[in-house]
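Visitor: I'd like to ask you about the structure that follows.
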């Protein structure tokens, strides 16, 4: 659970460009969050204890073997490297397959997430069969890989077991010779054989966990790569200026910008723009000319490739990110609400304090949505559903306006 929490926190720290990457789509990230922590857990705890227990068992067995017959012990130990090597190869094979299967499952997760979260659009376009076919096509690859894995694992397992049984036969043969020619007591031969072989069997039991260790290794590599990744724009950073007041004057000074995911498509080329305190400005232009991009640069979701964005004459890169964003109230064209109550959705506008109910109601009044909320059976405790699906587009827009007003931008 702790590892899953760390993973989620690490994801929330990343800059917007990280989520623009196709490899980091919603489906892939949610699949990674749910499966990779579980995969690491599958190779720790009790199973890790079993591995240490196996090492202790084989070590004790070797000591007992040397006490009663070093000759027979050396013979049995001579076969141990072959058994260990076969187990290692078995683990390497399983590790490779687990990595390939994980990528395919992440792609399938993306399709399922898109289809379910946009089910109304899917249904209106009569595309249920298309998404079902795409999902089946993506999940068929892990199925084929698992069939291939089963055959390879079967061969590796049978090879390992054949070495163990060959060790049994050779040990009994040499043991019988030592009893007959070297004066080894019959009971001591069985003591040596039992001590070492049972220790080796415990190693064999631990080797059954090889697939889990392989999956855990791949998952841990991906998780720790995420933990070690330093975002270019760290939303959790405490550095940067926090001015005592903010008048709200904005300036774009020779701003050039391209999205990191589309480096060959320029969006802004030398934009110069000034908005004075208390003034209203509308950005008008064709689709894709950079209107929404300009807003994202103000919030510092991205940094300009060239030029600078200034707030009250200070470059936004020199300001504390959390402080900067707390000064801005945004209502997007397609407002996003969270799957919680209306009251909590409005209160999300100000995360620096506990919001009194009176202020929430006042913000709703200003957004002209209080009368509607008050008419609901549960009032402000009404759940809006995922992405606000229980409300109309206009109602969502007004709640988003109330949320923005809570910031007193």
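In full-length UniProt numbering, the protein residues as written are 1 to 409.
Cβ coordinates follow ideal geometry from the N, Cα and C atoms, glycine included.
1. Check each candidate in 248, 155, 38 and 305 and name the one with the smallest Cα separation from residue 264.
2. Going straight from the alpha carbon of residue 117 to that of residue 335, what length do you get?
3. According to DSSP, is residue 301 part of a helix, a strand, or is it coil?
4. Between 167, 220 and 212, which has its C-alpha nearest residue 428's C-alpha?
5. Count the other CB atoms within 10 Å of the CB of residue 283; is the residue buried (16 or more) or exposed (fewer)?
6. Roughly how many whole angstroms lie between the Cα atoms of residue 246 and residue 312?
7. So who's on the other strand from residue 252, going by DSSP bridges?
8. Comparing alpha-carbon positions, which option in 268, 243, 262 and 310 lies nearest residue 276?
9. For residue 350, which three-state DSSP category applies?
10. Quick check on the DSSP output: the alpha helix (DSSP H) that includes residue 144 runs from which residue to which?
11. Residue 199 to residue 8, Cα distance in whole Å?
12. From the DSSP output, read off the bridge partner residues of residue 266.
13. Shortest alpha-carbon distance to residue 278 belongs to which of 252, 248, 270 and 292?
14. Can you tell me whether residue 130 is buried or exposed, with buried defined as 16 or more other CB within 10 angstroms of its CB?
15. Below 8 Å on the Cβ atoms is my contact criterion, and I expect residue 196 with residue 73 to pass it. Report the Cβ-Cβ distance as a whole number of Å.
16. With residue 316 as the anchor, note down where its alpha helix (DSSP H) starts and where it stops.
17. Among residues of its own chain, excluding the 5 on either side of residue 401, which ones have a beta-carbon nearer than 6 Å to its beta-carbon?
18. Do residue 106 and residue 175 come within 8 Å of each other at the CB atom, strictly closer than that value?
19. Just mark residue 21 as buried or exposed, buried being the case when its beta carbon has 16 or more other beta carbons within 10 Å.
20. Suppose the cutoff is 8 Å on Cβ atoms and the five residues either side in sequence are ignored; what does the same chain contact list for residue 135 look like?
21. Could you check whether the region 219-235 touches the region 10-19, counting it as contact only if at least three pairs of C-beta atoms, one from each stretch, sit closer than 8 Å?
22. Do you know how far the Cα of residue 147 is from the Cα of residue 141?
23. Check whether the region 389-407 touches the region 317-329, counting contact only when three or more Cβ pairs, one atom from each stretch, lie closer than 8 Å.
24. Are the beta-carbon atoms of residue 364 and residue 373 separated by less than 8 Å?
Guide: With the structure as the only source:
1. Position 264 of the chain shown, counting from 1, holds the residue named residue 264. Checking every option, the nearest Cα to that of residue 264 belongs to 305.
2. Residue numbering aside, residue 117 sits at position 117 when the chain shown is read from its first letter. Residue numbering aside, residue 335 sits at position 335 when the chain shown is read from its first letter. Cα-Cα distance, rounded: 15 Å.
3. Your numbering for residue 301 matches position 301 in the chain shown. In the structure shown, the three-state DSSP call for residue 301 is coil.
4. With the chain represented from 1 up to 409, any question about residue 428 goes unanswered, as that position is not in the structure.
5. The sequence position of residue 283 within the chain shown is 283, counting from 1. Classification for residue 283: exposed.
6. Taking the first residue of the chain shown as position 1, residue 246 is located at position 246. Taking the first residue of the chain shown as position 1, residue 312 is located at position 312. Each residue's alpha carbon lies about 7 Å from the other.
7. Within the chain shown, the letter at position 252 stands for residue 252. BP columns for residue 252 point to 273 and 309.
8. Taking the first residue of the chain shown as position 1, residue 276 is located at position 276. Ranking the options by Cα distance to residue 276, first place goes to 310.
9. Sequence index remark: in the chain shown, residue 350 carries index 350 (1-based). In this structure, residue 350 counts as coil in the three-state DSSP scheme.
10. Here the question's residue 144 lines up with position 144 in the chain shown. Element bounds for residue 144: 128-181.
11. As a first step, residue 199 is located in the chain shown; it is residue number 199 there, counting from the start. As a first step, residue 8 is located in the chain shown; it is residue number 8 there, counting from the start. Taking the straight line from one Cα to the other gives about 41 Å.
12. Counted from its first residue, the chain shown places residue 266 at position 266. Residue 266 is bridged to 258.
13. Taking the chain shown and counting its residues from 1, one reaches residue 278 at position 278. Measuring from the Cα of residue 278, the nearest candidate turns out to be 248.
14. On the chain shown, position 130 is the one that residue 130 refers to. So residue 130 ends up on the exposed side.
15. Sequence index remark: in the chain shown, residue 196 carries index 196 (1-based). Sequence index remark: in the chain shown, residue 73 carries index 73 (1-based). That belief holds up - the Cβ atoms of residue 196 and residue 73 are roughly 7 Å apart, short of 8 Å.
16. In the chain shown, the residue the question calls residue 316 occupies position 316. For residue 316, there is no enclosing alpha helix (DSSP H), as DSSP gives it neither H nor E.
17. For this step, residue 401 is matched to residue 401 along the chain shown. Around residue 401: 331 and 367.
18. Position 175 of the chain shown, counting from 1, holds the residue named residue 175. Position 106 of the chain shown, counting from 1, holds the residue named residue 106. Not a contact, by the Cβ cut-off of 8 Å.
19. Reading the chain shown from its first residue, position 21 is the one you call residue 21. Residue 21 is exposed by the Cβ-count criterion.
20. By 1-based counting over the chain shown, the position of residue 135 is 135. Taken in chain order, the residues that qualify are 108, 111, 112 and 115.
21. yes
22. What you label residue 141 is simply residue 141 of the chain shown in a count that begins at 1. What you label residue 147 is simply residue 147 of the chain shown in a count that begins at 1. For residue 141 and residue 147, the distance between alpha carbons rounds to 10 Å.
23. Touching, yes, given that three or more Cβ pairs across the two stretches are closer than 8 Å.
24. Within the chain shown, numbered from 1, the residue matching residue 364 stands at position 364. Within the chain shown, numbered from 1, the residue matching residue 373 stands at position 373. Yes, these two residues count as a Cβ contact at 8 Å.
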